[in-house]
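See below for the structure under consideration.
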Amino acid sequence: MSEREKGHDFQPEDFKEILTAFSEKIPALLKSLTDTIYGKDASAKFGQAVGNFYKTLKDSGMTDEQAFKLTQEYTSSLNLGGMISKAFSRRREGEE
Numbered sequence: 556m557s558e559r560e561k562g563h564d565f566q567p568e569d570f571k572e573i574l575t576a577f578s579e580k581i582p583a584l585l586k587s588l589t590d591t592i593y594g595k596d597a598s599a600k601f602g603q604a605v606g607n608f609y610k611t612l613k614d615s616g617m618t619d620e621q622a623f624k625l626t627q628e629y630t631s632s633l634n635l636g637g638m639i640s641k642a643f644s645r646r647r648e649g650e651e
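Structure representation (structure tokens):
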């Protein structure tokens, strides 16, 4: 049975409709996601978490340099954009 007989008759017009739908929906979705992750409330909580992390390291006896370095690593692990970027760059490196 051919693809056409199975109902998989995919025409260029269908692809155009899909791209149009994505171009209308994706920007709103990304804006909503960005507001959720990087909005005022989320940013305040993120700042508190980072500050508490640094303070805990300092209170445990670490030097400023040690605490700063670990805090940088901690913040990069919480950065969604950075994690996505790293994932894609690792994937590209593996493909080459």
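Terminal number for the sequence shown in this note's numbering: 651, no gaps in between.
Even glycine gets a Cβ: it sits at the ideal position worked out from N, Cα and C.
What does a CB cutoff of less than 7 angstroms around residue 567 pick up in its chain, not counting 5 residues either side in sequence?
Counting only Cβ-Cβ distances below 7 angstroms, and skipping sequence neighbours, we find nothing.
Where do the ends of the alpha helix (DSSP H) carrying residue 602 lie?
Residue 602 -> alpha helix (DSSP H) spans 595–614.
If you reduce the DSSP assignment to three classes, tell me which class residue 570 lands in.
Helix at residue 570.
Less than 7 angstroms between the C-beta atoms of residue 625 and residue 633, yes or no?
No, the pair does not count as a contact, with Cβ atoms beyond the cut-off.
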